[in-house]
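Residue numbers (the numbering used here): 9 to 1147.
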């Protein structure tokens, strides 16, 4: 507490002269005790013996009594302040600083006092000791204020003393903003609010420095005070409890705006408007929570803050204190992502923004949308020179900072009462947004072992998610032990090699790597195949070369290093390194380059030595089969980019261009190893690559499963359906199946990338329109997402090219995010028909034994929306939903309904599984999948055209699945003429390329099966047997020459949307004609007649009309024309055959 006196030292008046003279003859000690009350005398006596002579000489006993009482109440490390006017000099004050436990130097104190606008005229320190022996110090200053306080001295002295205490204790910072304590009458904690906002803007790239902002505020203290008043009016629970969220602080905002209007300088105007903007778009703070927090946390609606760069997250929490600062960004209310311990103090928001952008794309495959957080230590421990001690001290400080950061996030997060399910608002927090209860975090750089710590902090808050708050803890899924992130990325690697005709699980592949075996992603990745020949690698410490490794021996040595705690490349057994290889420290001056190394790195013969940076660049450009990134940093940019564009200054010296990377395949287990432009450049030169978000999504996918499983298990424990002791055992038992579910997502997305790339050139027009539609909806930003503009799309189309794999991966992610959002905006995901989708997300023991609990999962809607989105996009293709919107005006819900009906009716999931399991070349598998998609597309349009809307999924499946299965059994025997010939030729051609003939035949029948939808309806309308309708339908199609016309339609170009729509309309007309012809024949058929008799009777009855139509069709066929005009005329003639 502060001890404040507002009166000058007492001056004796004449009537007291006799008493004063008497006191002259008493000692200093006697006078000290004589003036004290009996209760204080004993405490003062304990000080007397050890008081230094200098103190007694300078300080009168009456003042000393005050000093010693204050010292007697000090604890170790505490500080107190006393300010009194100085009677000896007008305009000056005596400032006494009392410190317990540790001394202060003038160098420590002067900046603190000067930051408050104080001019120090003199200083006298005194070293004392408390009665219990604790060292104490009194620092006496004569000071003059360079700024006149705005209010009375009593109030100012209280604020000033508090500010000095806060500065000394390190909970406030010494900068010019502290002048606002005097200039604007602000409390030091209110100054901290302004300091935090200024730092947030600086981190966001605001063009003005912190010092410049401080200068502006100090020049306009009335605006500084007005900004704080706005903040208090909005968030102080005592300000106006009855006011609505929108109404709180409205008058204060208006008053601040008026003051800003009067500012003349453009720079100052922008600064003040920016500060007011972030205050107005702050929706929560812990500033008024009790007890006072160690940090200031501000939750912002970043979407409405114009000074922020894109992309702008939906929720952002900025955490600020002198010790730790950080930011947490979320792109939705249900979001997740890692928290990293950043070393980028100056631009950690930029770092996190780049990561959350990638995370948002990566999270397209999981329930939550993207989130990311990071914190920095603003006061890391001072190095001592003892490496072990320094490492331990830094870790301890990091854990403390992490705890502070986590607490700050939880301060602003609502809770849920587990017994009632009711939302419990964050205590002491005025909320200007809706309920916000979902906060989960994950490990990241520097926090890999912190999950249990995070869960301990969550337990302090009794947070409803329990240990699901931070996945991967001691009771959870250990990603490194599972190797899940690397295994997921390796699925991408396997797929890319398969596209090159290489089986990397059974054929040797040369690898260059970024990372070392102690790392999760690098270490596990380099153990994913026993045929890896790791010829070169580097991390932040070493460079490793092994030009001609033995696969088995080197695998065993990598396995040993992976198991060795805190291993490095320096631990690699040198006797196992092949000739010309070795391990070098990155600090060495140069590395000798052997002939073997030159050969494996593709270097010129005259290269005999390289510096470590040069060697790393050579490794990145090595002509290997695979470049595996399992490290941290951005090592590859595009040739059109600068190093600054890469945003990783630490690796500027080793970075290379994408066009110079000679690896055949890149696998990205780590994040941000390449810029997106570099990936595209590499892909355009023939390399195989995806994106980091695609490759390493298994980590977040696994964490997402863990969180949702734990939520379910906690529900079971709370309801008595599971004992607390059984919970961790059940979690452990499901590990392998959870991994299988996660890896299935990686496989599925890579299969989608394969098919997307296979028909990328044909779909370039559609993809261009899709990008435009997403852009118009605000779902993509072409510049940020590195997607081509309309001109670039036109260039690709003219060159007969399509989007590259990295562009397709980005587009896929945004399509998924858009579709998931659309589904969550409606109620389709609430329908019980999708309960099997929900159950399929969970491992077998939960589906089997706890189905009811699964069905009531709190995140049921989100899980269903995510699973449906993944299935529809992975199986239907990137543009499936978009094309249905273009072609038939379908909504997202309509498209998902159609997909669900068609895939179930035609048994497509089983067929897709057979294709995936077949040991066939990737291009053959892709071709087979694309054939099934043609059935999916056509049947979906049929359902949306023909059936009542919105489609009743369960009813439509019940209506068609049985009859389609029955009709499919007869389909081959119904095909005649060109249909049968086409099936035989197509089947033989693909089977000769290595595919099982029975699988190919089933796939190739898919387009013919489309006609069965009409057959089922024909049988119902004509009230005839299904086999009669089916045989007649296909015989008529052959009889009237429908197949050549359909083939002609398929051959038409679809450059523009209108070309595509014209094709679809023409194909629909042809199928409608076949349907109408069949019904016409059946309408006049004699019951019991066979198909030939029915057709003969029909032709006889309609001979004249048929003759004219056939003559016209023959003319068109003879002309050789197969353009839209000719086919349209042919379709019209076909319709005229119907009576």
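All residues carry an ideal CB built from backbone N, CA and C; glycine is no exception. On a predicted model such as this, the values are computed, not experimentally measured, just so you know.
One thing to note: residue 738 has its Cβ within 8 angstroms of the Cβ of residue 721. Residue 306 is a Cβ neighbour of residue 204, given a cutoff of 8 angstroms. Take residue 271, set aside five residues on each side of it, and the residues of its chain with a beta-carbon closer than 6 angstroms to its own are 277, in chain order. Selection 552, 557, 548 evaluated against residue 541 yields 557 as nearest (Cα-Cα). Close CB contacts of residue 832 within its chain, under the 6 angstroms cut and outside five residues either way in sequence, are with 873 (chain order). Here residue 83 is not bridged, per DSSP, to any residue. For residue 718, the uninterrupted alpha helix (DSSP H) segment begins and ends at 706–727. Residue 921 has no beta-bridge partner at all, per DSSP.
Secondary structure in the region 542–586: the alpha helix (DSSP H) runs of 4 residues or longer, each lying completely within the stretch, are 559–571 in chain order. By the Cβ criterion, the region 379–388 is in contact with the region 346–354, since at least three pairs of Cβ atoms, one from each stretch, lie closer than 8 angstroms.
Straight-line spacing of the CA atoms in residue 835 and residue 968 works out to 25 angstroms. Rounded to the nearest angstrom, the Cβ distance from residue 712 to residue 344 is 7 angstroms, consistent with a contact under 8 angstroms.
Per DSSP, the unbroken alpha helix (DSSP H) holding residue 1069 starts and ends at 1065–1091. Taking residue 113 as reference, the option from 131, 99, 103 with the minimal CA-CA separation is 131. In this structure, the beta-carbon distance from residue 440 to residue 291 falls below 8 angstroms. Cβ contact annotation for residue 283 (same chain, cutoff 6 angstroms, sequence separation greater than five): 205, 235, in chain order.
Rounded to the nearest whole angstrom, the CA to CA distance from residue 134 to residue 145 is 6 angstroms. Beta-carbon to beta-carbon, residue 795 and residue 887 are separated by about 14 angstroms, too far to satisfy the 8 angstroms threshold. Residues of the same chain with a CB within less than 8 angstroms of the CB of residue 1107, apart from the 5 flanking positions on each side, are 1114 in chain order.
The residues 40, 43, 44, 48, 52, in chain order, have a CB closer than 8 angstroms to that of residue 73 in the same chain once the five nearest residues on each side in sequence are set aside.
Collapsing the DSSP output to three states places residue 304 in a strand. Measuring C-alpha to C-alpha distances from residue 877 to each of 792, 905, 37, 225 identifies 905 as the nearest.
Put simply, the region 500–508 does not touch the region 471–490. Fewer than three CB pairs are less than 8 angstroms apart. Less than 8 angstroms separates the beta-carbon of residue 229 from that of residue 192.
Remark: three or more beta-carbon pairs, one from each stretch, lie closer than 8 angstroms, so the region 487–497 and the region 525–534 are flagged as touching. The alpha-carbon separation between residue 1042 and residue 983 amounts to approximately 6 angstroms. In the pairwise beta carbon analysis, the region 386–394 is classified as not touching the region 836–856: fewer than three pairs are separated by under 8 angstroms. A direct Cα-Cα distance of roughly 12 angstroms separates residue 309 from residue 336. Spanning the alpha carbons of residue 184 and residue 214 requires a straight line of approximately 19 angstroms. The alpha helix (DSSP H) runs of length 4 or more contained entirely in the region 858–909 are, from start to end of the chain, 859–863, 868–884, 888–896. Separation of residue 1099 and residue 1036 (C-alpha to C-alpha, rounded to the nearest whole angstrom) is 7 angstroms. Residues 1005, 1008, 1009, 1012 of the same chain have their beta carbon placed closer than 8 angstroms to that of residue 995, with the five preceding and five following residues left out of the count. Going by DSSP, residue 643 is part of no alpha helix (DSSP H) at all; its letter is neither H nor E. Going by beta carbons, residue 885 and residue 764 fall inside the 8 angstroms limit. With a threshold of 16 other beta carbon atoms within 10 Å, residue 225 meets it and is buried. Here residue 1053 is not bridged, per DSSP, to any residue.
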